[in-house]
DNA sequence: TGACAGTGTAACCGATTGGTTACATAATGT
DNA sequence: ACATTATGTAACCAATCGGTTACACTGTCA
C-alpha cells in the first residue's frame, strides 16, 4: 500500500490471470478490481478506463516476442529445412502458450482495433520469415497460399484444442497428437519445398 | 398477433438476424425481444429461457446440412480428385456462409456445450468423407494429420476474413484470394494424394 | 506547524442485464 | 351466456455493468 507502481502491477497481473482463466469476454473493470483486490477507482486513476488498461497490458507484454527463433537461417540451409523449422516452431508456440490462444480468440471475435495491433505484433516475426520464402524461392507455386493454409491450420487446431480432445482422429491434448501434427507438417514441407531451389540472379 | 407459431418464427428470425450482425456475444433475451419486436415474456413462455431459445434455434437449422455434396464418390474416381472436391467444397462453404462462421466463432470462445453439439452436426458429413480416406487408402502417410491441418487452415482463414483484408499476402475478401487458396488446396491435394492407391485386399 | 499532493476506500449514479408478477384482451368450448 | 385457455403488455425485481463523487489517510516540502 502507498506504492503506486506495486498497485499497478497488481492490477495488470489481475488482468493477466483473468484473461488466462476466463478470456477477454468477461474482462470488466469490476472483475479486474475484484481479482486484483484493488478498488476500481484506482484503475480509472492509473489507466483512465478499460481501454487504457487493456492497451498498457497488451503493449507491455513480452509474450509477443517468443516467435520461433529456432529457424535456421544460414546461407547453406536448404529451404525445406527452414520451412520445417518455422512451422514446427509455430506449432509449439501456439500449443504451448494458452495466453496467446486467448488473444487470437479475442482477435477473431471482437471489433476492438487494439486486438489487431496486438495480432500484428504476434505475427510480426513470422511474417518476415515467410516473406523470405516468396522472395527467394524460384518456383511457379503460390508459396504464400501454402504457408497461409498451414499456418492457419496450426492456429485453428491449437484453438480448438482448448475445447475438444480430438479433431478428425487426432488427439489434440496428448503428446501423441502433437507428434502426429509435427510429423505431418514436416512431411508437407518435404512435399512442398522439397524440389524448390534458390532463385537465380 | 394472436398466433403463437408466427410469433415463434418472428423470434427465431430475430435471433438469426442478431447473430449474423453481432455474433453470439451480444445475444441476450432483451436484445432478441427488441430485435424481434416482441415482448420478452413471450420468449420465456415459448422457449423457457435463453438456453432453450438457443437450442431450438440451433437444432431447427437447415444450414448445417449444406456440407460439400459435390464430392464425387463413384468407384472409378481417383482419390486425389475426391480430396480436391472435398476441400474446395469446404472452402466455398466457409467463405460463403457468414452465419456458419459466427457459429464456429461461438464454439471457439464459449463454454456452452450446445455449441459442441452444433459443431458436431456441422462437421458430421465432412467427417464421414475424411473417414473414407483413412479407411481406403493404402499409404504410410498420416492422412488424418494432413486433412486436419488443411481443414483447420480453411476454417481459420475464413474466420479472419471477417476481420482483416489480407493474410500473409493473400487478399481474403476478393475473388483473387479465393482463387489462389482454391488453387493452393488443389495443388496440395496433388502433392499429397497424387501417388496414393486404393488399399488392396 | 501548516499547506499540499498522492494513495486509498465507500457509496453512489444511471443504464442494462436475466427473469418474474400482475393484469388486460382475444379466442374457444360447453 | 359463461368459464376457461391462450396471447399479449407494462411494470417491476435484484444484480451487475462502467463510471463518478466525496471523503479519509499518509507522506513531503516549506
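Residue numbers (our numbering), protein chains in the order written: chain A, 205 to 405; chain F, 205 to 405. Backbone N, C-alpha and C fix where the C-beta goes; we use that ideal spot for every residue, glycine too. Remember, predicted model here, so these are calculated numbers, not experimental data.
Discussion item. Quick check on the DSSP output: what are the complete alpha helix (DSSP H) runs of length 4 or more inside the region 330-396 of chain F, in order along the chain?
Written reply: For the region 330-396 of chain F, whole alpha helix (DSSP H) runs of length 4 or above, ordered along the chain, are 347-364.
Fill in: Any chain F beta carbon closer than 9 angstroms to residue 364 of chain A
Translated into the one-based positions of the first chain, residue 364 of chain A becomes position 160. Answer yes: the Cβ-Cβ gap between residue 364 of chain A and chain F drops below 9 angstroms somewhere.
Worksheet entry | Nearest to residue 333 of chain F (by Cα), restricted to the options F:313, F:372, F:289 and F:370 | Taking the second chain and counting its residues from 1, the one referred to as residue 333 of chain F is at position 129. When only C-alpha atoms are compared, the closest one is F:289.
Discussion item. Given 8 angstroms as the limit, tell me if residue 332 of chain A has its C-beta closer than that to any heavy atom belonging to the ligand FAD.
Written reply: The ligand content of the structure shown is nil, which means the ligand FAD is not present either.
Worksheet entry | Partners in chain A for residue 263 of chain F, counting only beta-carbon separations shorter than 7 angstroms | Mapped onto the second chain, residue 263 of chain F falls at position 59. Within chain A, no residue has its beta carbon less than 7 angstroms from that of residue 263 of chain F; the closest one is some 20 angstroms off.
Item to complete: Would you kindly work out how many angstroms separate the C-alpha atoms of residue 257 of chain F and residue 397 of chain A, rounded to a whole number?
Response: Sequence index remark: in the second chain, residue 257 of chain F carries index 53 (1-based). Sequence index remark: in the first chain, residue 397 of chain A carries index 193 (1-based). Whole-angstrom Cα-Cα distance: 50 angstroms.
Item to complete: Look at residue 350 of chain A and residue 391 of chain F and say whether their C-beta atoms are less than 9 angstroms apart.
Response: Your numbering for residue 350 of chain A matches position 146 in the first chain. Your numbering for residue 391 of chain F matches position 187 in the second chain. With contacts defined as CB atoms closer than 9 angstroms, residue 350 of chain A and residue 391 of chain F qualify as a contacting pair.
Worksheet item: residue 320 of chain F CB to nearest chain A CB: under 9 angstroms?
Response: Taking the second chain and counting its residues from 1, the one referred to as residue 320 of chain F is at position 116. Between residue 320 of chain F and chain A, the shortest Cβ-Cβ separation is below 9 angstroms.
Worksheet item: Quick one: what does DSSP say residue 244 of chain A is sitting in, helix, strand or coil?
Response: Numbered from its first residue, the first chain carries residue 244 of chain A at position 40. Looking at residue 244 of chain A - three-state DSSP - the assignment turns out to be helix.
Worksheet item: Would you say residue 311 of chain A reaches chain F, if we count a Cβ-Cβ gap shorter than 9 angstroms as a contact?
Response: Counting from one through the first chain, the residue named residue 311 of chain A turns up at place 107. For residue 311 of chain A, the answer is yes, since a Cβ of chain F falls inside 9 angstroms of its Cβ.
Worksheet item: What residues from chain F crowd round residue 293 of chain A, counting only those whose CB sits closer than 9 angstroms?
Response: Within the first chain, the letter at position 89 stands for residue 293 of chain A. Within 9 angstroms Cβ-Cβ: nothing; residue 293 of chain A doesn't reach chain F, min ~15 angstroms.
Item to complete: Give a yes or no on whether the minimum CB-CB distance between residue 286 of chain F and chain A is below 9 angstroms.
Response: Counting from 1 along the second chain, the entry for residue 286 of chain F is found at position 82. Closer than 9 angstroms: no.
Worksheet item: Counting contacts by CB-CB distance shorter than 9 angstroms, is residue 219 of chain F in contact with chain A?
Response: Here residue 219 of chain F refers to the residue found at position 15 of the second chain. False, the Cβ-Cβ gap to chain A never drops below 9 angstroms.
Worksheet item: According to DSSP, is residue 257 of chain F helix, strand or coil?
Response: Counting from one through the second chain, the residue named residue 257 of chain F turns up at place 53. Residue 257 of chain F falls in the helix class under three-state DSSP.
Discussion item. Tell me which residue opens and which closes the alpha helix (DSSP H) that residue 302 of chain F is part of.
Written reply: To locate residue 302 of chain F, count along the second chain from 1; it is residue 98. Element bounds for residue 302 of chain F: 302-313.
Worksheet item: How is residue 228 of chain A classed by DSSP in three states: helix, strand or coil?
Response: If you number the first chain from 1, residue 228 of chain A lands on position 24. Residue state, collapsed to three classes: coil.
Fill in: Spatial neighbours of residue 247 of chain F in its chain, beta-carbon cut-off 7 angstroms, leaving aside the 5 residues before and after
Residue mapping note: residue 247 of chain F aligns to position 43 of the second chain, counting from 1. Correct list, in chain order: 215, 233, 236, 237 and 257.
Worksheet item: DSSP three-state call for residue 398 of chain F: helix, strand or coil?
Response: Within the second chain, numbered from 1, the residue matching residue 398 of chain F stands at position 194. Looking at residue 398 of chain F - three-state DSSP - the assignment turns out to be coil, as it is neither helix nor strand.
Worksheet item: Helix, strand or coil: how does DSSP classify residue 316 of chain A here?
Response: Position 112 of the first chain, counted from the start, is the residue given in the question as residue 316 of chain A. Coil.
Fill in: Cα-Cα separation, residue 364 of chain F to residue 207 of chain A
In the second chain, counting from the first residue as 1, residue 364 of chain F sits at position 160. In the first chain, counting from the first residue as 1, residue 207 of chain A sits at position 3. Rounded to whole angstroms, residue 364 of chain F to residue 207 of chain A spans 42 angstroms at the Cα level.
Worksheet entry | Per-residue DSSP class, three states only, for residue 217 of chain A | In the first chain, the residue the question calls residue 217 of chain A occupies position 13. For residue 217 of chain A, the secondary structure class from DSSP, reduced to helix, strand or coil, is helix.
Discussion item. Counting C-beta neighbours from all protein chains within 10 Å, is the total for residue 245 of chain F 16 or more, i.e. buried, or is it exposed?
Written reply: Here the question's residue 245 of chain F lines up with position 41 in the second chain. Exposed, since its Cβ has fewer than 16 Cβ neighbours within 10 Å.
Discussion item. Give me the residue from F:323, F:382 and F:284 with the minimum Cα distance to residue 300 of chain F.
Written reply: Position 96 of the second chain, counted from the first residue, corresponds to residue 300 of chain F. Cα-wise, what sits closest to residue 300 of chain F is F:382.
Practice prompt. Give a yes or no on whether the minimum CB-CB distance between residue 331 of chain A and chain F is below 9 angstroms.
Written response: Residue numbering aside, residue 331 of chain A sits at position 127 when the first chain is read from its first letter. Nearest CB-CB separation between residue 331 of chain A and chain F: below the 9 angstroms threshold.
Worksheet item: In chain order, what residues of the same chain have a beta carbon less than 8 angstroms from the beta carbon of residue 220 of chain F, not counting five sequence neighbours either side?
Response: For the purposes of this step, residue 220 of chain F is identified with residue 16 of the second chain, where counting begins at 1. Answer for residue 220 of chain F: 261 and 303, listed in chain order.
Worksheet entry | residue 243 of chain A versus residue 309 of chain A - alpha carbon distance | Start at 1 with the first residue of the first chain, and residue 243 of chain A comes out as number 39. Start at 1 with the first residue of the first chain, and residue 309 of chain A comes out as number 105. Computed Cα separation, rounded: 29 angstroms.
Item to complete: Using alpha carbons as the reference points, say which of F:372, F:317, F:283 and F:267 lies closest to residue 324 of chain A.
Response: Here residue 324 of chain A refers to the residue found at position 120 when the first chain is read from its first residue. Checked all of F:372, F:317, F:283 and F:267; the closest Cα to residue 324 of chain A is F:372.
Discussion item. For a contact defined as C-beta to C-beta under 9 angstroms, what are the partners of residue 350 of chain F on chain A?
Written reply: In the second chain, counting from the first residue as 1, residue 350 of chain F sits at position 146. Near residue 350 of chain F (Cβ distances below 9 angstroms), the residues of chain A are 388, 391 and 392.
Worksheet item: chain A partners of residue 371 of chain F, CB-CB under 7 angstroms?
Response: Along the second chain, one-based indexing puts residue 371 of chain F at 167. Among the residues of chain A, those whose CB is under 7 angstroms from the CB of residue 371 of chain F are 352, following chain order.
Worksheet entry | Nonlocal neighbours in the same chain, by C-beta distance under 7 angstroms from residue 417 of chain F, ignoring five residues either side | Outside the shown range of chain F (205 to 405) lies residue 417 of chain F, about which nothing can therefore be said.
Practice prompt. Kindly list, in the order they appear in chain F, the residues whose Cβ is closer than 8 angstroms to that of residue 345 of chain A.
Written response: If you number the first chain from 1, residue 345 of chain A lands on position 141. Under the 8 angstroms cutoff, chain F gives 391.
Fill in: Cut-off 6 angstroms between Cβ atoms - residues of its own chain near residue 218 of chain F, not counting five sequence neighbours on either side
Your numbering for residue 218 of chain F matches position 14 in the second chain. Excluding residues up to 5 positions away in sequence, 236, 239 and 240 lie with their Cβ nearer than 6 angstroms to the Cβ of residue 218 of chain F in the same chain.
Item to complete: Flag this pair as yes or no: are the beta carbons of residue 354 of chain F and residue 291 of chain F separated by less than 9 angstroms?
Response: For the purposes of this step, residue 354 of chain F is taken as the residue at position 150 of the second chain. For the purposes of this step, residue 291 of chain F is taken as the residue at position 87 of the second chain. A Cβ-Cβ contact shorter than 9 angstroms links residue 354 of chain F with residue 291 of chain F.
Worksheet entry | residue 334 of chain A at chain F interface by Cβ criterion, 9 angstroms | Translated into positions along the first chain, residue 334 of chain A becomes position 130. Interface flag for residue 334 of chain A against chain F is set, since a Cβ pair is found closer than 9 angstroms.
Fill in: Contacts that residue 338 of chain A makes with chain F (C-beta to C-beta distance below 8 angstroms)
On the first chain, residue 338 of chain A is found 134 positions in, with the first residue counted as 1. Residues of chain F passing the Cβ test: 373.
Worksheet item: Quick one: what does DSSP say residue 322 of chain A is sitting in, helix, strand or coil?
Response: Numbered from its first residue, the first chain carries residue 322 of chain A at position 118. Three-state result, residue 322 of chain A: helix.
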